[in-house]
Amino acid sequence: MTKDGRIVVIHDESLARTAGLNKLVKDTDYDELASLDAGSWFAPAFQSERIPTLEQLLDLLQQAEAILNIELKNGIFPYAGMEEKVIALVRAYRMEERVIISSFNHYSLVRCKQLAPEIRTGVLYMEGLYRPWEYAASLQAEALHAYKYAVTPEWIAEAAAHGIAYHPFTVNDTAEMEQLINAGAAGIITDFPDRLTEVLTRRGA
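Everything in the sequence shown is counted per full-length UniProt numbering, starting at 1 for the first residue and increasing by one.
Have a look at this one:
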């Protein structure tokens, strides 16, 4: 979230890596952030790409057949009112049934459920949790967004039996995608959806 309260779509807390400005998103007004080149770092073909707002992303996906995972990046710095703003936008675009809100900040997930019980939430975590399906249920979350190596077929099956879905991250290798699909993962978080699409096509899914 920007200094003046706009919700933007960006991975890092800092603008340094992707936009060349040694400044935090939370300390930057939207007008300044919107003027930055956020594409050249990736490849010359993406020069002058801008950091999108959540409104722009929701508008883009409103007519698409897609489920949107919105990760709240509030695990390091607090952003007062972020949950309220995100939920208001999701509701404004009537995408409550097509959004999953995830975060490493599990207090934030509880807050989201208090505000919008109808919107699904996913618990992000890096390492093994003991009986994670019980922990997810305690947060009223519908999904576990576990690091890909913190997943076993047995845990996936147990979670599914309790109505909790596994969506492992970040799975970019096609062999690992195959393994996790075979293990029963309900979804996969990847940087390369085209690779996942190819895997699913080969499997006839």
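Where is the CB? At the ideal position from N, CA and C, for every residue including glycine.
Query                                                                                                                                                                     : Result
Under 8 Å by Cβ, that's how I've got A159 and M126 pegged, so tell me the actual separation to the nearest angstrom.                                                      : The pair is not a contact, with the Cβ atoms about 17 Å apart (cut-off 8 Å).
Can you tell which of R6, Q62, Q179 and D4 has the C-alpha that lies nearest to the C-alpha of P153?                                                                      : Q179
For T18, does the three-state DSSP call read helix, strand or coil?                                                                                                       : helix
Terminal residues of the continuous alpha helix (DSSP H) containing Y125?                                                                                                 : First-last for Y125: R120 to Y125, but that is the beta strand (DSSP E), not the alpha helix (DSSP H).
Would you say the segment 104 to 119 touches the segment 138 to 149, given that touching needs at least three Cβ pairs under 8 Å?                                         : yes
Give the single residue among K26, I189 and A205 whose Cα lies nearest to the Cα of A80.                                                                                  : K26
Specify the secondary structure class of L109 as computed by DSSP and reduced to three states.                                                                            : helix
Please check the pair I189 and N69, which I expect to be a contact at CB under 8 Å, by giving their CB distance rounded to whole angstroms.                               : 7 Å
Buried or exposed for E83, going by 16 or more other Cβ atoms inside 10 Å?                                                                                                : buried
If I measure Cβ to Cβ from T2 and keep anything under 8 Å in the same chain, skipping five residues before and after, which residues do I get?                            : V8, V25, K26, T28, D29, Y30 and L33
Between the alpha carbons of S108 and E118, how many angstroms are there, rounded?                                                                                        : 16 Å
Pick out whichever of R120, D173, A92 and S40 has its Cα sitting closest to the Cα of R17.                                                                                : S40
What number of angstroms, rounded off, separates the C-alpha of R50 from the C-alpha of Q56?                                                                              : 11 Å
Drop a sphere of 10 angstroms on the beta-carbon of E105, count the other beta-carbons inside from all chains shown, and report buried for 16 or more, exposed for fewer. : In the sequence under discussion, the amino acid at residue 105 is Asn, which differs from the Glu named in the question. By the neighbour-count rule (16 or more Cβ atoms within 10 Å), N105 is buried.
Can you give me the C-alpha to C-alpha distance between I67 and L21, rounded to a whole angstrom?                                                                         : 32 Å
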